[in-house]
Structures are given as structure tokens and as C-alpha cells.
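Trainee: One line per chain: the protein sequences are A, B, C and D, in this order.
Counting in UniProt numbering, the first sequence runs without a single skipped number right up to 216 at its last residue.
Counting in UniProt numbering, the second sequence runs without a single skipped number right up to 216 at its last residue.
Counting in UniProt numbering, the third sequence runs without a single skipped number right up to 216 at its last residue.
Counting in UniProt numbering, the fourth sequence runs without a single skipped number right up to 216 at its last residue.
Number of protein chains: 4
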Amino acid sequence: MPNRPSAPPARDPASSPAEEPVRRRPMGGRPRDPQIDGAILGAVRALLAEEGYAKLSFETVARRAGVTRPTIYRRWSSKAQLVHEAVFPTPGHAPLIPDTGDFAADVRRMVATTVASYSRPEARAALPGLFGDLHDRPDLRATVIDGLETRVREHFRSLVAAAVARGEVRADADADVVFDALMGAVFNRTVVRGDMSEAFVEGLAGVVVEGVRGRE
Amino acid sequence: MPNRPSAPPARDPASSPAEEPVRRRPMGGRPRDPQIDGAILGAVRALLAEEGYAKLSFETVARRAGVTRPTIYRRWSSKAQLVHEAVFPTPGHAPLIPDTGDFAADVRRMVATTVASYSRPEARAALPGLFGDLHDRPDLRATVIDGLETRVREHFRSLVAAAVARGEVRADADADVVFDALMGAVFNRTVVRGDMSEAFVEGLAGVVVEGVRGRE
Amino acid sequence: MPNRPSAPPARDPASSPAEEPVRRRPMGGRPRDPQIDGAILGAVRALLAEEGYAKLSFETVARRAGVTRPTIYRRWSSKAQLVHEAVFPTPGHAPLIPDTGDFAADVRRMVATTVASYSRPEARAALPGLFGDLHDRPDLRATVIDGLETRVREHFRSLVAAAVARGEVRADADADVVFDALMGAVFNRTVVRGDMSEAFVEGLAGVVVEGVRGRE
Amino acid sequence: MPNRPSAPPARDPASSPAEEPVRRRPMGGRPRDPQIDGAILGAVRALLAEEGYAKLSFETVARRAGVTRPTIYRRWSSKAQLVHEAVFPTPGHAPLIPDTGDFAADVRRMVATTVASYSRPEARAALPGLFGDLHDRPDLRATVIDGLETRVREHFRSLVAAAVARGEVRADADADVVFDALMGAVFNRTVVRGDMSEAFVEGLAGVVVEGVRGRE
DNA sequence: AGATAACCGAGACGGTACGTCCCGTCTTACC
DNA sequence: GGTAAGACGGGACGTACCGTCTCGGTTATCT
Chain A
1 MPNRPSAPPA RDPASSPAEE PVRRRPMGGR PRDPQIDGAI LGAVRALLAE EGYAKLSFET
61 VARRAGVTRP TIYRRWSSKA QLVHEAVFPT PGHAPLIPDT GDFAADVRRM VATTVASYSR
121 PEARAALPGL FGDLHDRPDL RATVIDGLET RVREHFRSLV AAAVARGEVR ADADADVVFD
181 ALMGAVFNRT VVRGDMSEAF VEGLAGVVVE GVRGRE
Chain B
1 MPNRPSAPPA RDPASSPAEE PVRRRPMGGR PRDPQIDGAI LGAVRALLAE EGYAKLSFET
61 VARRAGVTRP TIYRRWSSKA QLVHEAVFPT PGHAPLIPDT GDFAADVRRM VATTVASYSR
121 PEARAALPGL FGDLHDRPDL RATVIDGLET RVREHFRSLV AAAVARGEVR ADADADVVFD
181 ALMGAVFNRT VVRGDMSEAF VEGLAGVVVE GVRGRE
Chain C
1 MPNRPSAPPA RDPASSPAEE PVRRRPMGGR PRDPQIDGAI LGAVRALLAE EGYAKLSFET
61 VARRAGVTRP TIYRRWSSKA QLVHEAVFPT PGHAPLIPDT GDFAADVRRM VATTVASYSR
121 PEARAALPGL FGDLHDRPDL RATVIDGLET RVREHFRSLV AAAVARGEVR ADADADVVFD
181 ALMGAVFNRT VVRGDMSEAF VEGLAGVVVE GVRGRE
Chain D
1 MPNRPSAPPA RDPASSPAEE PVRRRPMGGR PRDPQIDGAI LGAVRALLAE EGYAKLSFET
61 VARRAGVTRP TIYRRWSSKA QLVHEAVFPT PGHAPLIPDT GDFAADVRRM VATTVASYSR
121 PEARAALPGL FGDLHDRPDL RATVIDGLET RVREHFRSLV AAAVARGEVR ADADADVVFD
181 ALMGAVFNRT VVRGDMSEAF VEGLAGVVVE GVRGRE
């Protein structure tokens, strides 16, 4: 969570300081009101769903959450980081699907999971906005893309490797190509066009799995 | 081009007024300076490439183009329409690739054409911004999506149908699924991640073509 | 009225440009909403009376007047100038009393006039605030002091001179000393202590007039 | 000195607890560092002289005095009280002039004393600011006005009474009117206009003394 | 001697207000 | 009627300071 201008509260004195270099604030100071974080993030989600990314501003969020702008600036330094944390509460917001030994079924479930996440109104509004704000901001780019897909992509690579080992997938298959085809299609249908369907998920998974099927 | 707030020039006196109700301006008045359109659209492309969608505004465009803001507002009623016309000069900005009888090669060429278009700096900056501005604006949504892909998608359907007839593609293949997988992957790699490569194009076309190959 | 950041409207084309170098705006531009000036100045007076000078800010005035802060900044560049114009609508807010030939009566009337002006709640709140804001701001000092007393002081000098000529006042009387004694006493009683009375006006005028009475 | 938010030090164990309900702190605890009071008040005077009342804040005082803001808040509950104590260290900051038997001379000395006090840069900066902060704060108003003039005013009444007894001043003279004329004129010239002079003191005292001279 | 309690410094909190930039609009003068 | 010039009123920005609160460490008084 490198998106906070200053360190987060993290005031737990019982956390073991030896095994993990917990970035705790050096000392005193009034602790943050923990309710405010929730109010702000909730306001962000509501505004995204109702008004879209463009009309969301620190000002409108503050009004909606019943706090003042500096209170938000203390926690998030840009609209993109604020939206990212509100919509995709890092990390692990995309739960990794288990390897069941059936590659086709696993792909279908992975696609369905992504569809569910991207179909949320706040996600539909947030994703293009976030992508648009990445221009010439490498740190933000890393944060957003990492949060969205890096873990899932790496997990998918291991799924493919296992499927190759089982003979379900041919050895020269490029997991990244498959992953981008799946995710890109989901983004296009769910976020941009807004006409995603279960049939589409089936068809997509079918084509792609067939495209990498191992030769007997 | 339904994106002009007031009537476009359309002063062609040779157009037959009978067969088509050409919306011509009522009469007289100073005609628009045709050079100004080009200056504005050029400024838009330059600003997109240099500063990104977020920092582009009517104000910055006006300054860059040496024009006043009202002059731009007279021609385009929103930033999205202005950017859309500057980056994807409708229609036919995406030339349809011919059907050579080799489905795999045609797919590869179609993907390459899209990659070329999306790789332009102004397109990379514009696309997520445009998608983000579509929230709750159905007219704009239709305009943008139509301009971007509808003609290409329909053309692709005919390519697939021909390939099915030739036995290259199996009969139950869903052209739209394939199209979205291709376009989504290109968008993801080219616009969002920015690490598109020729190898990826090859791999992508390979997987997808294999996924719909006709059974012998 | 040198207290406006940019030139005031002054768009009257009939004003003779020869006899007076009217500072008119060079040219076009949307004219100011004339109602807004009144709304702002009224809000200032109300806030002064209710909350005092210290709690009055551009922000509170804007809220009360139903306008935004930049609208006020366009018209007045500092709180002191805004308050000054609201409470003492320059110039001539202090009407000069006529010379009736009875010096004692004229003094009494001049004092009463000042008492009436300083007794307004907005004036009571504004005066010490204005004085306090004059620290190291010579231009503002000149504006405020001029607006408040210069004309009146000069008029009073002529009253004294006339009274000297009539023998009512002795020749070596210093009009400025008398003026400051009168005005200072009124300020003290009306603004600071807030226990002004008619008897005090009588007593004050009596002592001072007696103090400069001509010897027979 | 009712201006301390919590109990003042008042730790003098010799003060008789019977005859006066000295508000002593209930019990132990670390005593206040007596040097800090001086550092704060000195910083206030310096800041007043250099920057004026408006720019003085608990923050700037704390920085200047090398102290933290809460340390000041523990001692004074408002800027006005802090400034008042720094500039007019109550009580008796205005030493009463003795009755020499020469009313005119005593008046001149009283005026000169006031001029000397009000001419201090910190006093010139403080006075209008203090007056401005009295709006709707009766306790503060009493404190400030009492500290500034009540004792002097009462002493002046006794001077006038003695002068009446001696025949120097006529019997119906209103000491308060005279006092306000003197003090108001001094305030106006010294604090507001800043052009006080010895000649003005002479002239002022002369006019006023003449104004109440006893008839032979 | 230990417990208690207030102090001070440090530092962050949530809120008010600041002064500025930009938005989209409107008006005038001119062409 | 289009254009340049230019100001309007409003939305939002990012920051400075306000008065308060919490902490850790200190220093006295009271049991």
C-alpha cells in the first residue's frame, strides 16, 4: 500500500518488530479516526457508480463522505490512488482460483471471477479512468497494474504449466498471450461495451482452451 | 458526425436539395475558416501525445492552436467528441483488410493493423480517456464504439463466414468472441501495458486461429 | 475607488472622455452582474453586525451572499477594502454639515452625525478591525483614513476659520486638535465602550467649544 | 487575571487560604516552567511590533518563543488575552500621576504618559486588534477596558474634584467627558494616524483645560 | 519510595479559509 | 453570422493554519 502520503496508522504495539520491518509512525500524534477511511471509500464507490470517474473529485468525495478535503489528502495523494483503493482494496481483491486438475474448468472459473469483479458499477466506472491516468506516471502504473493482474497472471502461468505437465495444454503455449486474450475480452465486453453474458464466457473459454489444447 | 452543436458548414451548393434534406445553415454570415479545424485537431493530437487525456482541455487546445475557446466550442460540444475526431477521423479510419482466402494470415493482418493504430501516442492517450467519458452518455457511446470497431467487427464476421465455408474454421465458431479476444488483447498490451511486440501478435493470432480451426 | 483589482465596469459610453480620464475597461468581456455587488456588500454588513470583524472572511461572505469566492476576489482585493466599502460607501458617506453661523450648534450637529454613523452595528464592528489592518499598508491607510475623515476634517477647518472671523472662536485655536478631541471621544464612547448618550454629546461639545471660545 | 483556562500557578503556600479562596491547583503535578511565560510574552511583543496583530497567531508565537502551541494554550485561552497581558501587564501598567495642585500641568503629564504607552510599537499594533476582538465577548471587554483605563479614569475624577475644590475647574465639569476627549484624541493621533507630536499634546491639554476652567 | 498528576515537546488530527486555476458562457467590436 | 478578445460566475484545487488530541518522557508533590 504505497499510496499514502504519510505512513498509515499501524499503531499496534504488539506486532513483532523483529520479523517484519513494520513501517510504523515514529511516535505520537493524534490517531486517525478509523471510521473516516470507510466513509471516504464508500463515498468514492457510490460516486463512481452514480456519476462516473470524470465527475468524481476530492471535493465531491469530501462532500459525500461528510469530511473535508484535507482529510482526504492526508490519506491519498491522487484521485487515481484513492479510486484504486476504493474499488480494488489491495491486495488479494482478486481471489486466486484453485487448480482442480481440469484446465478448461479452471479457465472458465477464472474468467467468471474477473467478470464478477469488473461488472460492479464502481469497477466499470473506475477502470478506464484509472488506465487514462497512468500516462507518464510509472509508479502509479506499477501500483495499479500490479494490483489488478500481476498476482493473477502469475498464478495463471502456474496453472498452465501444470496443465502442460498433465498433457492438457501443449508445451509451447504462451500463458501470457492466453491471459491477455481472456482479460482483454472481458474488459471489452464488461467495461466498454457492457453486454457481457454467460454465453460469452463459455464461448471465450472454449475458443482459448481449444487454441492451446495439447496434441494427442 | 452528430457531434457538432450547431450546423456544420455543409455549404456545398451542388448537393441536391431534393433527394436529401441537407441541413444547410439558414443563410449569410461569415463562413468558418476551414484552416481552423485542422489547427485545432492537430493541437489535440499533439497535446494527447505530450500531456495525456487528463491534462487536455479546451483551454490548452485553444492556446496551442492559437484560437479562442469559443471557437472550439462552436465546433465540438465536448472534450470526448473533439478527441475522438482528432484521433479517429471518422469514418473508415480503420481500413478493412481484404479476404485473401488464408484466414490465419488475414487475422494476423487485422491484428497488426489495429496494433499500428492503437500504438500511435495520441491513440494510446485517447482510448482510456474516451472509454472513461462514456459513462451515462449513450449517444457518445454509440458514436465512439461505432467509429472504433463496428465496421471492422462486421467485416470480420464475413471473413469468418467465408473461412467456415472454406473449412478453415469450424461451423459453430462465434466471430464476436474471437473478435473481442483479439481486440481486447491488443488493447491491453498496447494501450494499458505498453509492451506490445510482433511475437505477441503472432502468438495471439496463432492461439485464436487454432481455437476455431475446423475439424478434419 | 482605487480598491478594485481590475477596473470597475464603468461602461457608460456617454461619459465625456475629454473632461475626465475615466478609467474604463479597454473593451469587451461579459459585464458584471450588478446585483452581485449589492448582495456581497449586504452580506458583509450583516456578518459584521452579527459576528464581528474577526469572524468575517471571504469564505463566510461568499456563503452568505450566495456567490463564490473568486467572484468577490474579482471585486475587492482584501478584507479591509471590502469592509470599508460595505460600511462606508465612499465617498461622501459622511455628509458635511452646513455652516449656520452658530459654531456651538454646528459642532453639536457634526458630533451627532458622527455618532449616528459610528453607532451602526456594522460600523462598530468594522472600525477597530479596519484600524488594526492598517499596519504597514500605507495605501490602505490612506484609503481608509481619507474615506473616514479627511473631507470632514477639512470642512471643519473652514468652519473654525469662519467662526474665528466672527469672533466666536479665538484666533489661535487649532482646528485639528479640536477635531481629534471630538472624533476620538466619539470613537471611544461609541465603538470601544458602547455607552454613548445624548448627554455625552452635549457635554463634549460644550467643553470643547468653551475651550476655544473667543475672548471678548 | 481571569484569563487562564486552567488554574494559574498560584502555588504560593504563604497566601492565606482562609481570607481568600485562592484557586490553587488541586494537587501535585509538574509545575510550570516560569521562564516560558516570559519567553512567550516577549515573542508576542516582538511579533506585534514587526508583523502586526493580524499576522500574530498561536502558531507564530510558539515558533518564535521556541515552544509548542499547546504550551501556550495551557496559559491563555485566546489571542486577545495573550496580547493584552503581553502589552499591558496588568495591573498598574499605567502609573497614576500625582496631584501637584496644578491641574493644567497634571493633565499635560497624564496625556504624555498615555502617549508614551500608546506609542510603543507593540501597543500601536495591539490596541485596534484588541478593540476589534471585543465583539460579543463581555468578559474580555471588561478585562481589557478595565486594564486600560478604569483605574486611570477614576484617578482622573479625583484630580478634577480636587481642582474644582481649588477653583481651578468649574463645578459642573464632567470629568468623564474630559477624560474621553483626551484619551480619544491620543488614540486617534498615536495609534490610528501615527502623527502624534509634543505640540499636539500641548494644544490638546490647553483646549480641554480651558474648556473646564473655573469662572472667577 | 512509590504513586500520582500536571507539565512539556512532538506531532498528527479534522476543519476553516485561503488564493488560484480552469471550466463553460456571455458580451462587445469587428470583419 | 463567425471571429478574436476578454471578462464573467462557478467548481475544484492544493496548502496554510487553526484549535485539539494523544503520546512518551519529565518533574514535582502527596501518601
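Glycine included, every Cβ here is placed at the ideal spot set by N, Cα and C.
Remember, it's a predicted structure, so these values are computed and weren't measured experimentally.
Report the rounded CA-to-CA distance for A175 (chain B) versus V212 (chain A), giving the unit in angstroms.
Mentor: 18 Å
Trainee: Given that a residue counts as buried once 16 or more other Cβ atoms are within 10 Å of its Cβ, and exposed if not, what is P128 (chain D)?
Mentor: buried
Trainee: Evaluate Q81 (chain D) with the Cβ neighbour count: other Cβ atoms within 10 Å of its Cβ, from every protein chain shown; 16 or more gives buried, anything less gives exposed.
Mentor: Q81 (chain D) comes out buried.
Trainee: Give every residue of the same chain whose Cβ lies closer than 6 Å to the Cβ of P98 (chain B), excluding the five residues on either side of it in the sequence, and list them in chain order.
Mentor: none
Trainee: Can you give me the start and stop residues for the alpha helix (DSSP H) that F179 (chain D) sits inside?
Mentor: 175 to 186
Trainee: Starting from A205 (chain A), trace the alpha helix (DSSP H) in both directions and tell me its first and last residue.
Mentor: 198 to 211
Trainee: Terminal residues of the continuous alpha helix (DSSP H) containing E154 (chain D)?
Mentor: Taken as a continuous stretch (DSSP letters only), the alpha helix (DSSP H) holding E154 (chain D) covers 151 to 166.
Trainee: If I follow the unbroken alpha helix (DSSP H) through G42 (chain D), where does it start and stop?
Mentor: 34 to 51
Trainee: So, do the segment 99 to 108 of chain B and the segment 156 to 164 of chain B have three or more beta carbon pairs nearer to each other than 8 Å?
Mentor: yes
Trainee: Where does V169 (chain B) fall in DSSP's three states?
Mentor: strand
Trainee: CB of P34 (chain D) to nearest heavy atom of the ligand FAD: below 7 Å?
Mentor: The ligand FAD is not part of this structure, which contains no ligands at all.
Trainee: Skipping 5 residues on each side, what residues in its chain have a beta carbon closer than 6 Å to that of P26 (chain B)?
Mentor: Residue confidence for P26 (chain B) is low, a pLDDT of 47 falling below 50, so the modelled location carries little weight and cannot support an answer.
Trainee: Thinking C-beta only, is I40 (chain C) closer than 8 Å to V67 (chain C)?
Mentor: yes
Trainee: Along the chain, which unbroken stretches of the alpha helix (DSSP H) at least 4 residues long are found entirely within the segment 89 to 127 of chain B?
Mentor: 103 to 119
Trainee: In chain order, what residues of the same chain have a beta carbon less than 7 Å from the beta carbon of A185 (chain B), not counting five sequence neighbours either side?
Mentor: L204
Trainee: Assuming F187 (chain A) and L148 (chain A) are in contact, meaning their beta carbons sit under 8 Å apart, how far apart are those beta carbons, in whole angstroms?
Mentor: Going by Cβ atoms, the distance from F187 (chain A) to L148 (chain A) rounds to 10 Å, so no, they are not a contact pair.
Trainee: So, with DSSP's three-state summary, where would you put D133 (chain A)?
Mentor: coil
Trainee: Which residues, taken in chain order from the segment 184 to 200 of chain B, show a beta carbon closer than 8 Å to some beta carbon of chain A?
Mentor: G184, A185, V186, F187, N188, R189, V191, V192, R193, F200
Trainee: Rounding to the nearest angstrom, what Cα-Cα distance links V192 (chain B) and D146 (chain A) in this structure?
Mentor: 12 Å
Trainee: Who are the neighbours of L204 (chain B) on chain A, taking C-beta pairs under 8 Å?
Mentor: V177, D180, A181
Trainee: Step through the CB atoms of chain D and report whether any lies within less than 8 Å of the CB of G147 (chain C).
Mentor: no
Trainee: Where does R74 (chain B) sit, in a helix, a strand or coil, going by DSSP?
Mentor: coil
Trainee: Could you give the C-beta distance for D136 (chain B) and G52 (chain A), rounded to a whole number, given that I count them as a contact under 8 Å?
Mentor: 6 Å
Trainee: Under 8 Å by Cβ, that's how I've got T113 (chain B) and M183 (chain B) pegged, so tell me the actual separation to the nearest angstrom.
Mentor: Not confirmed; about 11 Å, so no contact.
Trainee: Measure the alpha-carbon distance for R151 (chain C) versus L96 (chain C) and round it to whole angstroms.
Mentor: About 8 Å.
Trainee: Taking the alpha-carbon positions, what's the P34 (chain A) to R75 (chain A) distance?
Mentor: 12 Å
Trainee: Determine, for E210 (chain A), whether the minimum Cβ-Cβ distance to residues of chain B falls below 8 Å.
Mentor: It does; some Cβ of chain B falls within 8 Å.
Trainee: Say whether chain C places a C-beta atom closer than 8 Å to the C-beta of G101 (chain D).
Mentor: no
Trainee: Helix or strand or just coil, what does DSSP make of T60 (chain C)?
Mentor: DSSP places T60 (chain C) within a helical segment (H, G or I) once states are collapsed to three.
Trainee: Any beta-carbon of chain C closer than 8 Å to the one on V207 (chain D)?
Mentor: At least one chain C Cβ lies under 8 Å of V207 (chain D).
Trainee: Does the CB of G167 (chain D) have a neighbour CB from chain C at under 8 Å?
Mentor: no
Trainee: If you run the structure through DSSP and keep just helix, strand and coil, what is R30 (chain D)?
Mentor: coil
Trainee: Are G214 (chain B) and V169 (chain B) closer than 8 Å when you measure CB to CB?
Mentor: Cβ atoms of G214 (chain B) and V169 (chain B): closer than 8 Å.
Trainee: Using a cut-off of 9 Å between C-beta atoms, extract the partners of H84 (chain D) located in chain C.
Mentor: Going along chain C, no residue has its Cβ under 9 Å from H84 (chain D), so there is no contact; the nearest lies around 14 Å.
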